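Protein chains: 2
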Amino acid sequence: MAQDLEAGPRVTTAAFADRLAEAVERKRSQLVVGLDPSLELLPLEVRGESILGRAETARAYARFCCGIVDAVAPYVVAVKPQVAFFETLGGDGLTALERVCDHARNVGLLVIADAKRGDIGSTARAYATAFLEPREDGTPLADALTVSTYLGHDSIEPFLQACRLHGAGIFCLVRTSNAGAGDVQELTLSDGRRVWQHVASLVDDWGADLVGERGLSSVGAVVGATVPRAVGEARRLLPRSILLLPGVGAQGATPADVARAFTSGPASALVTASRSVIYAYRGGQSDWRAAAGSEAARLRSEVWSVSGW
Amino acid sequence: MAQDLEAGPRVTTAAFADRLAEAVERKRSQLVVGLDPSLELLPLEVRGESILGRAETARAYARFCCGIVDAVAPYVVAVKPQVAFFETLGGDGLTALERVCDHARNVGLLVIADAKRGDIGSTARAYATAFLEPREDGTPLADALTVSTYLGHDSIEPFLQACRLHGAGIFCLVRTSNAGAGDVQELTLSDGRRVWQHVASLVDDWGADLVGERGLSSVGAVVGATVPRAVGEARRLLPRSILLLPGVGAQGATPADVARAFTSGPASALVTASRSVIYAYRGGQSDWRAAAGSEAARLRSEVWSVSGW
């Protein structure tokens, strides 16, 4: 249990930011592939007996995601399973998620669980335990987690603790890629800044004591690639944070839109693409694994090229 | 799957707000008990063989929560399982959560899943499916869900859809009960309002077309009981919303602090208490079920009394 592991302040693995930077430089890749399994989009051969129910669907999700992991592994530094899709299948879905995360880690990839969790007090601690602290077998479910910021510093503190003690990372929601982001994040404050700009400065503070040997903090930020102006501004406000940039591909942004994000180092930003990679096979007749691998390879080269490293 | 169920716009059950209002008036209770299972706080007799691992711990959580459900059922209108604690146990934990939710619904209680989910596009849809749409057996996991608001209207829309089609409810995070709430929620906007007050007005809009026969909307709001000033102001900004008020008990607020929340009707606010009820046995020598039942009975009377109905 978490309590025992926190008895002494020992870091069991290197800082997340350093592990990521090492992987980026070794693989010359800043690409993260999102795993968003959806039954009606899976190749027929993978669906199997999914019509029989949830347990079979969960097994199909695991088969598909593990196949994608193998196909994209040479071209990406991390995978980003989207927890929601697994949750639709209850306990069976979570078991499938664990299998996929374990497989990705076994083939040498980092795992960023996209769950956007956020709560207070003992509940926030429980989320940190669920995603970032060692389980019975000594490994955490994920290396990093996306987290909500609306509840403020005490909702983040348990995750920071996991970063300090277990070499975990977090990506805080700052400016998202969707149309509704304007409703709250783009409101103008009395000092003239936008809400998301203020949140960015909070994130910079939270990550100040988690800067690793490569100069990057294990406290990163989610900034939508669909708003290039915001990407540049976020880079300025968060000089040491790794920016996780969703929105390239299916949501319409291009790697060129995010070039400015990489000015703090080759590993200072990560481009995530999900449906455009994992369902690439739907655009043609090729094998689903081969199609995902090709698209990941193409995108990895394009991103590396615009990053200027 | 959800897609089939949405082919025609049929509501399979009454609106959440009406179901809740009926329960409040019938039971003369505005109390919701939070289910926050934590191994080290469970009665020894319930822990069983939990030392053997996660699966056994999950069974202990289910035993404990189902026992609490039975003990408090006469005094509460709903239970609020805190999903984080179940997630610490992976697939076994989610299976336990399903068992607890099903049991609560079987004994006639409403279930408010406290998960604070929020994401965009197909991911938001998946969360709505996971928590609020009918599963294979035709019932949803929960009647209502707490949701994040930072991502704006399109992150909420799939949940509103579940309210319209399946009689579900949501509680949107507006002003939370923790110290860090000031970091973002209390920022002053250029028009002089606080961020949370703006969010409250958004929530009022989102719920406008989901007002039921009793005059209350199925789109509610989470407002911390620890800030009595905010409770009164939220009531004014959200005249038709059911306010979910955490913070009474272990977090220090009293029922008197939230009396103003009930001015829109007996069911227009719900007081939630978690640890002070479910772990009431730790304050004395009594049976854990009896202690939880007594504390729930006491709190229900106190809340009903201050509500003025």
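Chain order of the listed sequences is X and D. Per my numbering, the very first residue in the first sequence carries number 65; after that it's consecutive. Per my numbering, the very first residue in the second sequence carries number 65; after that it's consecutive. Where a beta carbon is used, it is the ideal one built from N, C-alpha and C, also for glycine. None of these values were measured; they are calculated from a predicted model.
Item to check | CB contact flag (Ala337/X, Val312/X, <8 angstroms) | outcome: yes
Item to check | Own chain residues within Cβ distance below 6 angstroms of Asp156/D, not counting five before or after | outcome: Arg118, Ala119 and Ala122
Item to check | beta strand (DSSP E) segment containing Leu99/X, residue limits | outcome: Leu95 to Leu99
Item to check | Supposed close pair Leu215/D, Val267/D - CB separation, criterion 8 angstroms | outcome: Incorrect: roughly 13 angstroms between the Cβ atoms, too far for contact.
Item to check | Beta-bridge pairing of Val286/D - partner residues as DSSP gives them | outcome: Leu237/D and Leu308/D
Checklist entry - Any beta-carbon of chain X closer than 8 angstroms to the one on Ser340/D? => result no
Next on the checklist: Taking 8 angstroms as the threshold (C-beta atoms), are Val141/X and Leu84/X in contact?
Outcome noted: yes
Checklist entry - Counting contacts by CB-CB distance shorter than 8 angstroms, is Phe149/X in contact with chain D? => result yes
Next on the checklist: I'd like to know if Trp279/X contacts chain D, where contact means its C-beta is closer than 8 angstroms to some C-beta of that chain.
Outcome noted: It is worth fixing the name first, because residue 279/X is Gly in this sequence and not Trp. So no, Gly279/X is outside the interface.
Item to check | Ala57/X versus Ser254/X, Gly276/X, Thr240/X and Ser305/X, residue with shortest Cα-Cα distance | outcome: With chain X covering 65 to 373 only, the question about residue 57/X has no answer from this structure.
Next on the checklist: Against chain X, does Asp82/D count as a neighbour if the rule is that its beta carbon must be under 8 angstroms from one of theirs?
Outcome noted: no
Next on the checklist: Please tell me whether Cys130/X has its Cβ less than 8 angstroms away from any Cβ of chain D.
Outcome noted: no
Checklist entry - Going by Cα to Cα distance, which pick from Asp218/D, Leu99/D, Thr187/D and Asn170/D is closest to Pro204/D? => result Asn170/D
Item to check | chain X contact residues for Ser254/D, given Cβ-Cβ distances below 7 angstroms | outcome: Thr252, Leu253 and Ser254
Item to check | Within chain X, partners of Gln261/D - CB distance below 8 angstroms | outcome: Correct list: empty, because the minimum Cβ distance to chain X is about 11 angstroms.
Checklist entry - Does the beta-carbon distance from Gly372/X to Ala323/X come in below 8 angstroms? => result yes
Checklist entry - Listed in chain order, which residues of the region 207–230 of chain D have Cβ atoms closer than 7 angstroms to some Cβ of chain X? => result Ser212, Thr213, Tyr214, Leu215, Gly216, His217, Asp218 and Ser219
Item to check | Residues within the region 151–162 of chain D neighbouring chain X, beta-carbon criterion of under 9 angstroms | outcome: Glu151, Thr152, Leu153, Gly154, Gly155, Asp156, Gly157, Leu158, Thr159, Ala160, Leu161 and Glu162
Checklist entry - First and last residue of the beta strand (DSSP E) that includes Asp269/D? => result Where Asp269/D is concerned, there is no enclosing beta strand (DSSP E), although the alpha helix (DSSP H) it sits in stretches over Val259 to Trp270.
Next on the checklist: Going by the DSSP bridge assignment, what does Leu253/X pair with across the sheet?
Outcome noted: Leu253/D
Item to check | Leu209/X in three-state terms, based on DSSP | outcome: strand
Item to check | Within 8 angstroms, strictly: CB atoms of Glu221/D and Tyr191/X | outcome: no
Next on the checklist: For Ala374/D, would you say it is in contact with chain X, using Cβ-to-Cβ distances shorter than 8 angstroms as the test?
Outcome noted: The question about residue 374/D has no answer here: the residues shown for chain D are numbered 65 through 373.
Item to check | 8 angstroms Cβ cutoff, Leu237/X in contact with chain D | outcome: yes
Checklist entry - How many Å lie between Asp82/X and Arg92/X at the Cα? => result 15 angstroms
Checklist entry - Between Ala79/D and Asp269/D, what straight-line distance do the alpha-carbon atoms span, to the nearest angstrom? => result 18 angstroms
Next on the checklist: Please list, in chain order, the residues of the region 96–118 of chain D that have any C-beta partner in chain X closer than 8 angstroms.
Outcome noted: Asp100, Ser102, Leu103, Glu104, Gly117 and Arg118
Item to check | First through last residue of the alpha helix (DSSP H) which encompasses Arg351/D | outcome: Residue identity differs from the one stated: residue 351/D is Asp in this sequence, not Arg. Element bounds for Asp351/D: n/a, residue is neither H nor E.
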